[in-house]
């Protein structure tokens with residue numbers, strides 16, 4: 004007789020991902036059907052950044068779209084750099100690299116980015132973005148550790164820290180080159 008394992012709902016996965024629950028990241032890693040859910044998480048997180056940036060003062064619709072796109076590109080850069088570092092430069096012997104698995108887990112690691120929408124509140128922009136960034140980094144560490152089958156959390160910290168730094172540098176460069184002027 005075949006046994007089946009119940010999967011968590013999308014909301015349960017979001018809550019588990021935000022709670023840094025490694026079992027949720029393992030579930031998402033193993034479930035190819037979670038790919039559309041991961042895409043939705045990344046898109047909503049990017050939109051939250053765009054809307055939250057309104058707290059910086061009078062950000063137009065065009066700027067919200069621009070900030071959302073830059074945030075999405077920063078996430079994609081972070082994912083690509085993390086894959087390259089984690090799979091090619093710092094793999095462990097048991098590391099099995101599957102891009103889909105990594106992207107699903109990293110996608111759900113963007114869940115804390117939903118908090119950035121609270122940046123729209125006066126005085127909350129910087130704290131909302133700072134808290135979300137640190138929380139997303141912590142979620143990314145758990146996601147990378149699970150997706151790349153690392154035994155060492157320290158290795159996941161190194162991979163994510165390097166990727167995070169490079170992604171931030173690229174996002175800042177894009178923002179400076181193409182972003183709106185602030186007066």
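In this note's numbering, the protein residues as written are 4 to 186.
Just so it is clear, CB atoms sit at the ideal spot from N, CA and C, and this is done for glycine as well.
It should be emphasised that the depicted structure is a prediction, and the values quoted were computed from it without experimental measurement.
Three-state class that DSSP yields for residue i in the structure shown
i	result
residue 126	coil
residue 11	coil
residue 160	helix
residue 104	helix
residue 98	coil
residue 182	coil
residue 48	helix
residue 75	helix
residue 26	helix
residue 166	helix
residue 60	coil
residue 93	coil
residue 142	helix
residue 135	helix
Residue closest to residue i, alpha-carbon to alpha-carbon, out of the options
i	options	result
residue 29	173, 108, 78 and 69	108
residue 90	25, 166, 116 and 71	166
residue 43	132, 177 and 113	113
residue 178	14, 19, 82 and 67	67
residue 106	155, 94 and 143	143
residue 19	27, 10 and 65	27
residue 99	33, 180, 133 and 110	33
Continuous alpha helix (DSSP H) stretch holding residue i: start and end
i	result
residue 153	It is not in any alpha helix (DSSP H) - residue 153 carries neither H nor E in the DSSP assignment.
heavy atom of the ligand ZN below 7 Å from residue i C-beta
i	result
residue 52	In terms of ligand content, the structure shown is empty, and the ligand ZN therefore cannot be addressed.
(message) Whether or not the stretch 120-127 and the stretch 136-153 are in contact is what I'm after, with contact meaning three or more pairs of Cβ atoms, one per stretch, closer than 8 Å; do they touch?
(response) no
(message) Can you confirm whether the stretch 34-46 touches the stretch 143-163 when touching is taken to mean that 3 or more C-beta pairs between the two stretches lie within less than 8 Å?
(response) no
(message) Using 8 Å as the cut-off, can you tell me whether the stretch 48-55 makes contact with the stretch 69-86, which would need three or more C-beta pairs spanning the two stretches below that distance?
(response) yes
(request) Please determine if the stretch 144-159 and the stretch 52-60 are in contact, where contact requires at least 3 C-beta pairs separated by less than 8 Å. (result) Contact fails: fewer than three Cβ-Cβ distances are below 8 Å.
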